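The numbering of the sequence shown is the numbering used here, which starts it at 243 and goes up by one.
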Amino acid sequence: MKVGFSVVEAGFALTIAGQTVLRHSPSHPVLTIGQGRSDVTMLRGNFRIDDAPHSLVTPRQWYREQDRVVFTEGGAAVAAIAWNDAGFEVTALNPACDRVWLRFHADPGETVWGGGEQMSYFALNGRRFPMWTSEPGVGRDKSTALTQIMDETGMAGGDYWTTNYPQPTFLTSRWLAIHCRTTCYSVLDFTDPAHHVCEVWAGSAGFDVFAAAGPRELVGQLSANFGRPRALPDWAIGGAIIGLKQGEASFARLDQFIAAGAAVSALWCEDWAGIRETSFGRRLFWDWRYSPARYPGLPDRIRALHARGIRFLAYANPYLAVDGALYAEALAGNHLCLRQDSDAVYRVDFGEFDCGVVDFTREETCEWFAARILVQEMIDIGIDGWMADFGEYLPTDVRLASGIDAMEAHNRWPVLWAHVNDRALALRGRQGDALFFMRAGFSGVSRYCPLLWAGDQSVDFTRHDGIGTVITAALSAGLVGNSFSHSDCGGYTSLHGNVRSAELLQRWCELAAFAPVMRSHEGNRPDDNLQYDSTPELLAAFARWSRVHAHLAPYTRHVCAEAVADGLPAQRALFLHYPADRALYAVQDQFLYGADLLVAPVIDEGAVERVVILPGDAEWRHVWTGRDYPPGTHAIAAPIGQPPVFYRPDSAFADLFARLPETIAQ
Numbered sequence: 243m244k245v246g247f248s249v250v251e252a253g254f255a256l257t258i259a260g261q262t263v264l265r266h267s268p269s270h271p272v273l274t275i276g277q278g279r280s281d282v283t284m285l286r287g288n289f290r291i292d293d294a295p296h297s298l299v300t301p302r303q304w305y306r307e308q309d310r311v312v313f314t315e316g317g318a319a320v321a322a323i324a325w326n327d328a329g330f331e332v333t334a335l336n337p338a339c340d341r342v343w344l345r346f347h348a349d350p351g352e353t354v355w356g357g358g359e360q361m362s363y364f365a366l367n368g369r370r371f372p373m374w375t376s377e378p379g380v381g382r383d384k385s386t387a388l389t390q391i392m393d394e395t396g397m398a399g400g401d402y403w404t405t406n407y408p409q410p411t412f413l414t415s416r417w418l419a420i421h422c423r424t425t426c427y428s429v430l431d432f433t434d435p436a437h438h439v440c441e442v443w444a445g446s447a448g449f450d451v452f453a454a455a456g457p458r459e460l461v462g463q464l465s466a467n468f469g470r471p472r473a474l475p476d477w478a479i480g481g482a483i484i485g486l487k488q489g490e491a492s493f494a495r496l497d498q499f500i501a502a503g504a505a506v507s508a509l510w511c512e513d514w515a516g517i518r519e520t521s522f523g524r525r526l527f528w529d530w531r532y533s534p535a536r537y538p539g540l541p542d543r544i545r546a547l548h549a550r551g552i553r554f555l556a557y558a559n560p561y562l563a564v565d566g567a568l569y570a571e572a573l574a575g576n577h578l579c580l581r582q583d584s585d586a587v588y589r590v591d592f593g594e595f596d597c598g599v600v601d602f603t604r605e606e607t608c609e610w611f612a613a614r615i616l617v618q619e620m621i622d623i624g625i626d627g628w629m630a631d632f633g634e635y636l637p638t639d640v641r642l643a644s645g646i647d648a649m650e651a652h653n654r655w656p657v658l659w660a661h662v663n664d665r666a667l668a669l670r671g672r673q674g675d676a677l678f679f680m681r682a683g684f685s686g687v688s689r690y691c692p693l694l695w696a697g698d699q700s701v702d703f704t705r706h707d708g709i710g711t712v713i714t715a716a717l718s719a720g721l722v723g724n725s726f727s728h729s730d731c732g733g734y735t736s737l738h739g740n741v742r743s744a745e746l747l748q749r750w751c752e753l754a755a756f757a758p759v760m761r762s763h764e765g766n767r768p769d770d771n772l773q774y775d776s777t778p779e780l781l782a783a784f785a786r787w788s789r790v791h792a793h794l795a796p797y798t799r800h801v802c803a804e805a806v807a808d809g810l811p812a813q814r815a816l817f818l819h820y821p822a823d824r825a826l827y828a829v830q831d832q833f834l835y836g837a838d839l840l841v842a843p844v845i846d847e848g849a850v851e852r853v854v855i856l857p858g859d860a861e862w863r864h865v866w867t868g869r870d871y872p873p874g875t876h877a878i879a880a881p882i883g884q885p886p887v888f889y890r891p892d893s894a895f896a897d898l899f900a901r902l903p904e905t906i907a908q
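This is the structure:
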């Protein structure tokens, strides 16, 4: 897209597709440059990052040189903005400068979204969002006792902006999108309604700009830029993935789910490599080989499952426990990150056990991990997929084989990790069949990672860390290139007396049935918490909603095809299909599943009714009663077992949707 330049009020404006992107004047300067003194502390994937900016310069004078503007201060050139058909490049001309603030034009009342996978807020207006992959924290609300306890005991409470998957990309309701190409620490700041500010911890930064006539086309452009997904395999969308981690006993428990009428596609045993008991809860033994003690004869067990049409999934992450056999192998092969002050291996405390960090900036190491571990120890014994966990923990003071500074490499780490996993699938021709899923991400992760999961929600209904955050996560990540998302059905984090309720488990499987993948999790403290097979009532509820998920497979396949062709996410913000209705721009507690289903999950504890927005100008049909409702806002009865779900009566899949009550009743 061609950039337009015009002189405006002693300043200038740069436009794309007729929309003002940058507008500078002496009274409203577009740029500040300077230097910073950062202070970074990490504890178990939680970061405290402070800065002391100094030597700031906000130039107001400028002159044009062909396709760039040069800014001057005191007669000397201090910075420049150059442009081409793709976007902009801002550069501080003083090599000592390592901070840049660029102010993008904002129209009055403009809404912004993006920032990667955000958990607390879908519309970003009025807030500041650091772009740094990390643990999101437990509680994520500084006013709550749980968050305060976690902050005091381990710097682990989190905040509204902490996320496993940040991405310095934002979209606006003018149907523009701006992406910062940097991987270093940056901040998207929307606290000033007159500007959208991007702060970058570097002396230069490039920005890609996208423009479209509407939001679906804009999301499609972003998806094409960052990498379109592959279609999910049929088995993954055709039933529920049952997460159990009780060793050999998991197989008998799986049979109980099947006997209860559950539609089962896979068994997921994250404890396949063994366990380690810690004060946080039951953790895994981070040595990625199957544990004969916990899963005797696992390859034979997997073959038996395959004969029944059931897949087997496992778990891996990019770290190796120092007391495991693979750590010694990695050490001998120079596959681990080193300390900056010596040639010793850098060890990270993951909570009562230490690990080495596999160095994915070294090509030989990427090949070793993909072929030696993910292929030889996992795929070759029959494993059909895995949770590719973590990716957020790269310390900022490690020494990397490539020589890249860890502050710049930190955000890239999830993408490198995703590439290694995808590489393993390619080595055995399993892309599009075997399936891994990740919580960590950054710009471009969608090129390699076929499926996100929303991380480690607390086992509750809380506003910033409970069940509702998985909707916000899917909607926000879906705007910036990630078509498929799902969550730990039942939640994960149980600490300080916070445990699952039967209501939470039932509401979560109602929500999970309307995601492209439905997968349960026993959580970090399985013995302290209800499980879906703890009572006949919970088992029956999970079985019902797994059948709903399986029943929707033909429609989910259609939605997957749209994602592959057009980059549209499976779970969609309402405004993607109804952009003229500005009242929909901040809606984050309901979603469109494809274009034809509208899902309004119950995410408030004790609620048996909820307000539902039905968009557009045509009627919507209530799945459970068959009643047609006009567009507008309605209070809909929502007892447990009947979350508000509506479909378009003129949909090609209307007959499929109309049979959902029969599926529930089976």
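A virtual CB, placed ideally from N, CA and C, is assigned to each residue, including glycine.
Predicted, not measured: the structure shown is a model, and the values here were computed from it.
Sequence-distant residues of its chain with Cβ nearer than 7 angstroms to residue i (five each side left out)
i	result
Arg-689	Phe-468, Gly-469
Thr-433	Gly-368, Arg-369, Arg-370
Gly-697	Pro-378, Asn-406, Arg-681
Ala-795	Ile-479, Gly-480
Cβ pair residue i, residue j closer than 9 angstroms
i	j	result
Val-587	Pro-637	no
Phe-602	Ala-682	no
Thr-905	Val-790	yes
Ser-736	Ala-754	no
Phe-913	Gly-624	The first residue shown for the chain is 243 and the last is 908, placing residue 913 beyond what the model contains.
Leu-568	Ala-447	no
Pro-857	Leu-839	no
Met-680	Leu-693	yes
Tyr-363	Thr-867	no
Ala-436	Ala-338	no
Arg-761	Ala-365	no
Cys-511	Ala-556	yes
Trp-514	Gly-278	no
Val-701	Asn-771	yes
Phe-678	Leu-667	yes
Pro-457	Leu-430	no
Gly-503	Ala-782	yes
Residue nearest to residue i in terms of C-alpha spacing, selected from the options
i	options	result
Phe-412	Asn-406, Thr-405, Thr-404, His-421	His-421
Arg-227	Gln-360, Ala-716, Pro-337, Phe-895	Outside the shown range of the chain (243 to 908) lies residue 227, about which nothing can therefore be said.
Phe-254	Asn-406, Arg-306, Cys-751	Arg-306
Tyr-961	Asp-542, Leu-555, Trp-530, Gln-582	Here the chain has residues from 243 to 908 only, and residue 961 is not among them.
Gln-748	Cys-731, Arg-761, Asp-309	Cys-731
Trp-655	Trp-510, Pro-408, Pro-768, Leu-826	Pro-408
Ala-328	Leu-509, Asp-431, Ala-570, Phe-449	Phe-449
Ile-882	Glu-752, Glu-315, Cys-597	Glu-752
Ala-319	Trp-325, Ala-803, Leu-335	Leu-335
Val-354	Tyr-774, Trp-374, Ala-419, Phe-452	Ala-419
Arg-767	Ala-549, Arg-518, Asp-583, Pro-872	Arg-518
Cβ-based burial, residue i [other Cβ within 10 Å; buried from 16]
i	result
Asp-639	exposed
Pro-372	buried
Ile-479	buried
Ile-878	buried
Thr-553	Reading off the sequence shown, one finds Arg at residue 553, where the question assumed Thr. When all chains shown are included, Arg-553 counts as buried.
Gly-674	exposed
Gly-317	exposed
Gln-830	buried
Asp-626	buried
Lys-487	buried
Arg-869	exposed
Glu-251	exposed
Leu-464	buried
Ala-805	buried
Asn-326	exposed
Neighbourhood of residue i by C-beta, 8 angstroms cutoff - its chain only, sequence neighbours within 5 removed
i	result
Gly-379	Asn-288, Thr-389, Met-392, Ala-398, Gly-399, Gly-400, Asp-401, Thr-404, Asp-707
Arg-814	Leu-717, Gly-720, Phe-833, Leu-834, Tyr-835, Gly-836, Ala-837
Leu-273	His-266, Thr-300, Pro-301, Phe-313, Ala-321, Ile-323, Val-332, Val-342, Trp-343, Leu-344, Arg-345
Which residues DSSP lists as bridging residue i, in chain order
i	result
Asp-596	Asp-591
Ala-288	Reading the sequence as shown, one finds Asn at residue 288 and not Ala. For Asn-288, which the question treats as bridged, DSSP gives the partners Leu-285.
Trp-695	His-728
Gln-618	For Gln-618, which the question treats as bridged, DSSP gives no partner whatsoever.
Proximal residues to residue i (C-beta, below 6 angstroms), its chain only, five neighbours per side dropped
i	result
Ala-896	none
Arg-604	Ala-643
Gly-516	Phe-527, Ser-533, Arg-536
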